[in-house]
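Numbering (the numbering used here), first residue to last: 53 to 223.
A virtual CB, placed ideally from N, CA and C, is assigned to each residue, including glycine.
Remarks on the structure that follows.
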């Protein structure tokens with residue numbers, strides 16, 4: 053981990069942190085009992101963090117979710133018991149294009165994966181483990197699509213029709 057410092061009062065670099073600190077200070081000043089020592093202050097800060105992450109809705113998150121909800125909705129890395137030579141695992145960040153798809157290179161071949169035009173412009177996380185792919189909304193953590201890549205098809209359709217493809221009738 054490397055610490056990076058920025059100049060104070062620069063909203064483009066410090067805005068989120070300064071806004072969080074402003075919210076914390078305002079909440080602390082609004083408490084009926086003010087802390088007399090560091091231990092009491094830490095107890096109040098712990099209560100604030102719990103409220104901020106688990107109960108207080110955030111306008112910046114879809115459906116005014118809490119940060120804990122958004123965090124828990126995303127899959128977490130876990131040990132698989134496989135070495136890196138046995139499994140191909142990776143995480144990609146992408147954005148769904150105007151046609152409602154993303155592209156993914158696998159074993160040197162570029163595949164298009166349909167997600168749906170309703171998600172056009174959505175920033176996504178693409179989790180790849182061998183041929184298993186999960187596409188997750190990067191903001192909400194919602195699973196948009198889960199599939200097993202079919203290497204014989206360059207385009208991975210969103211909804212495959214059941215059964216064999218319909219035949220064309222000759223007039």
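DSSP places residue 159 outside any beta strand (DSSP E), giving it a letter other than H or E.
Annotated three-state conformation of residue 169 is helix, per DSSP. Taking 8 Å as the upper bound for CB-CB distance, residue 208 and residue 164 are in contact here, some 7 Å apart. The distance from the Cβ of residue 196 to that of residue 188 is about 6 Å, consistent with a contact at the 8 Å cut-off. Residue 90 carries a helical assignment under DSSP once its states are collapsed to helix, strand and coil. Rounded to the nearest whole angstrom, the C-alpha separation of residue 141 and residue 87 is 48 Å. With a cutoff of 7 Å on beta-carbon distance, residue 153 and residue 166 are scored as near each other. The DSSP-derived three-state label of residue 96 is helix.
Annotation: the continuous beta strand (DSSP E) that includes residue 181 extends over 175 to 181. Taking 7 Å as the cut-off, the beta carbon of residue 168 is found closer than this to the beta carbon of residue 210. DSSP places residue 142 inside the beta strand (DSSP E), whose first and last residues are 141 to 147.
C-alpha of residue 77 to C-alpha of residue 191: approximately 27 Å in a straight line. Relative to the Cα of residue 157, the nearest Cα in the group 80, 202, 94 and 100 belongs to 202. Apart from the 5 residues on each side of it in sequence, residue 79 sits with its Cβ closer than 7 Å to the Cβ of 100 in its chain, given in chain order. Taken through DSSP and simplified to helix, strand or coil, residue 78 comes out as helix.
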